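The next block holds one structure in the form of structure tokens; read it before the comments.
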Amino acid sequence: MPVMRVARVLTNETCNQGCGFCSARRPVERPDFVRPAAVLARIDEALAKGTREVVLTGGEPTMRRDLAALVRHARARGAERVVLETNASLVTESLARALADAGLSVARVHVPAFGPEADGITRDEGGFSAALTGARALAAAGIPLEITTPIVRNNLDLVAGIPGGVRAANLPALRLLASIPVEAPDPATLAPLEGAARALERLDQAAREAGIPLSLDPGAAIPPCSFERPARLAHLYALNPGGANRPGHERVPACGACVVSDRCPGVPRALLAREPTSAFRPLTEDRVRRKLTVISSVREQIDRELVTRDVHRAPDGRLVPSHIVRIQFQCNQACDFCFVSTHLPAPEDEAVRRAILEIAHAGGVLQVSGGEPTLNGRLREYVALAKREGAMAVELQTNAVRLGEPGRARELEEAGLDVAFVSLHGSRAEISDMITRAPGTFEKTARGLDALAQTKIRVRLNFVFCAPNQADFPDFVRLVAARWPAAEICVSVVGAFTDLVPRTESLIPRYTDLLPAMREGLGIARAAGIPVLGFESMCGIPLCLAPVDPRGFFDLAEIPSGHDGGEFVRAEACGRCELSARCFGLRRSYAELHGTSEARAIVRGAEIG
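Numbering (full-length UniProt numbering), first residue to last: 1 to 609.
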């Protein structure tokens with residue numbers, strides 16, 4: 001997949017507002033720069049270089065009368081996305097409709113504070129009220145909104161109020177995009193490093209509480225080591241391996257011992273010039289490094305992870321298409337074995353709907369996933385869409401933390417949800433909360449399961465075997481039997497198949513070490529009449545090691561060629577095993593850590609070592 005190349009195209013250089021930190025505004029337009037032919041030429045030049053996303057910016061682009069024509073031109077010349085950066089104060093209903101008709105993908109609305117305090121920052125009396133009206137017009141026209149917030153000296157105590165304000169105003173914002181300017185015509189308007197870092201921490205907390213994803217503009221940012229708790233803010237960054245060279249940045253002594261020095265460009269040179277004595281601490285935790293990482297661009301990473309095309313192998317040998325669609329990447333838990341890039345912003349609604357319609361029209365199974373999909377306010381709509389358009393079944397992959405809230409489980413039942421696949425990785429809080437790194441969420445998940453038990457939604461509990469919980473499975477089964485006896489249990493085994501998951505024995509146990517607890521738990525489940533599933537899945541266990549009768553696997557459909565993406569390897573014994581075409585084998589990372597000697601061959605009526 002090619003990288004999503006992004007080009008910013010200036011449409012003009014004047015603005016109806018007067019932010020003191022803005023470096024793009026001029027007092028008057030340059031006629032040769034602003035004339036339509038010149039702007040169209042800049043768009044064409046960008047697209048000729050392979051640009052796939054055009055960002056129309058200024059000044060204030062809505063001061064142009066031909067803005068919709070510029071959007072239409074970019075689309076006609078091949079732009080996959082056209083984004084508008086605007087303060088929205090000049091947007092009318094007619095302009096919003098024209099932009100939507102022209103194919104505008106996203107409107108990024110500049111909001112330095114939520115309320116009349118913004119007018120003092122933008123130097124535009126009444127500007128905030130006008131911007132709110134304009135933003136609502138854009139949303140009413142069907143244009144997705146993003147809220148952009150610069151963190152500067154005058155709004156350090158105001159930015160934390162923006163997420164709640166956006167929610168209270170019912171603005172359907174896809175995400176918040178924060179930036180920290182480090183250069184300005186008036187340097188006095190810029191925030192000091194420590195103040196900006198603390199303000200961003202408060203904004204992140206407020207965004208979490210409001211359920212709005214927050215991202216950090218990589219073009220105007222501070223290094224992740226600026227924060228008191230870098231792991232807490234790591235999801236705001238998208239650092240690429242090999243991406244350490246960026247103009248305008250330089251290394252400081254702390255960079256020498258930092259685990260992200262191969263992907264972090266260091267400190268903005270302009271910031272060091274203003275604050276030469278700022279202290280930076282090297283990052284040393286591999287967990288932080290993993291959370292800071294993306295493969296290439298944020299857009300490409302979202303495209304890469306949005307849909308996982310799978311097949312469900314029915315016991316009667318049928319192959320049923322089954323797609324995982326990630327409607328949300330951020331999560332309210334932080335499991336070490338999670339392979340999803342939870343630092344990414346949510347995918348666009350249009351892309352999610354396309355993915356849902358693809359599997360629904362194929363009559364397959366839709367697995368709505370994340371991150372944590374219940375953090376997306378459109379979840380109910382997506383479930384209903386899939387059922388209405390022909391999906392065989394809709395499954396929700398969730399930690400159920402929010403499903404204990406009044407009415408949440410019931411509304412999903414009404415939307416047509418068939419299965420809730422709920423992650424719970426321990427029989428008690430001290431185990432589960434340690435694994436999820438989210439204290440208090442064990443009890444919330446339990447309440448969510450209680451709520452689901454009151455509906456017709458089939459509940460399947462996902463227990464991921466890892467080193468911290470490998471002995472807990474029998475007690476976990478006892479908990480399920482006592483509290484949710486109608487549920488099914490799916491067993492998974494932790495696997496490291498991306499750079500996000502540590503490849504360590506402290507997380508990934510040997511199969512032979514977890515099998516005793518698995519066997520004991522299966523015995524308890526059989527006695528309680530609780531089905532235990534999942535052995536044959538990509539996240540399960542080699543079929544030769546599954547502590548169940550292997551005869552049940554011979555009718556499984558064969559795994560389609562190439563379906564494992566090269567992530568699995570075969571042991572010597574696999575060559576003699578009659579289940580080899582139906583078994584994934586051993587995950588490559590597992591074989592590198594523990595070897596392949598545990599595998600054995602299975603034949604009908606006999607077992608070969």
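Glycine included, C-beta positions come from ideal geometry on N, C-alpha and C. Quick caveat: nothing in here was measured; it's all calculated off a predicted structure.
Taking 4 residues as the minimum length, the alpha helix (DSSP H) runs contained wholly in the segment 573 to 598 are 588 to 594, in order along the chain. If you draw a straight line from the Cα of S322 to the Cα of G256, it is about 46 Å long. By the C-beta criterion, the segment 142 to 152 is judged not to be in contact with the segment 38 to 53, since fewer than 3 inter-stretch pairs fall below 8 Å. Shown here, L236 sits in a helix according to DSSP, grouped into three states. The DSSP-derived three-state label of N332 is coil.
The residue among L515, S215, G126 and V464 with its C-alpha nearest the C-alpha of I489 is V464.
Around the Cβ of E505, a 10 Å sphere holds fewer than 16 other Cβ atoms; the residue is exposed. Distance from I180 to A191 at the Cβ level is roughly 7 Å; contact confirmed, criterion being Cβ atoms closer than 8 Å.
Where A41 is concerned, there is no enclosing beta strand (DSSP E), although the alpha helix (DSSP H) around it starts and stops at P36 to A48.
Taking C-beta atoms as the reference points, L283 and V260 count as a pair closer than 8 Å. Linking I302 to L344 through their CA atoms gives a straight-line distance of about 7 Å. Within the same chain, Cβ atoms closer than 6 Å to the Cβ of A197 are found at S226 and F227, the five residues on either side in sequence being excluded.
Per DSSP, the beta bridge partners of P268 are H249. Annotation: the segment 449 to 487 contains the following complete segments of the beta strand (DSSP E) (minimum length 3 residues), in chain order: 458 to 465. Where H73 is concerned, the enclosing alpha helix (DSSP H) starts and stops at L67 to A76. Distance check between I559 and each of G595, R582 and Q205 places R582 closest, using alpha-carbon atoms only.
D310 is bridged by DSSP to S322. DSSP places T57 inside the beta strand (DSSP E), whose first and last residues are E53 to T57. For H110, the beta-bridge partners assigned by DSSP are T148. With fewer than 16 other CB atoms across the displayed protein chains lying within 10 angstroms of its CB, V28 is exposed.
In this structure, DSSP gives C255 a helical state, which the three-state scheme calls helix.
No Cβ-Cβ contact shorter than 8 Å links V603 with L586. The residue among R510, A98 and G521 with its C-alpha nearest the C-alpha of S597 is R510. A Cβ-Cβ distance of about 12 Å is found for the pair A24 and V55, leaving them out of contact under the 8 Å criterion.
Each residue's CA atom was taken as its position, placing S580 and I143 some 50 Å apart.
For V166, the enclosing alpha helix (DSSP H) stretches over residues I162 to A168.
Spatial neighbours of A481 in its own chain (CB-CB distance under 8 Å, excluding positions within 5 residues in sequence) are listed in chain order as I524, A525, A528 and I530. By the CB criterion at 8 Å, N240 and P265 fall outside the cutoff. DSSP places S423 in the uninterrupted beta strand (DSSP E) bounded by V419 to S423. Here F568 is bridged, per DSSP, to R587.
For A7, there is no enclosing alpha helix (DSSP H); the residue is part of the beta strand (DSSP E) that begins and ends at V6 to L10. With respect to the C-alpha of F339, the residue from F329, A270, L379 and L200 having the closest C-alpha is F329.
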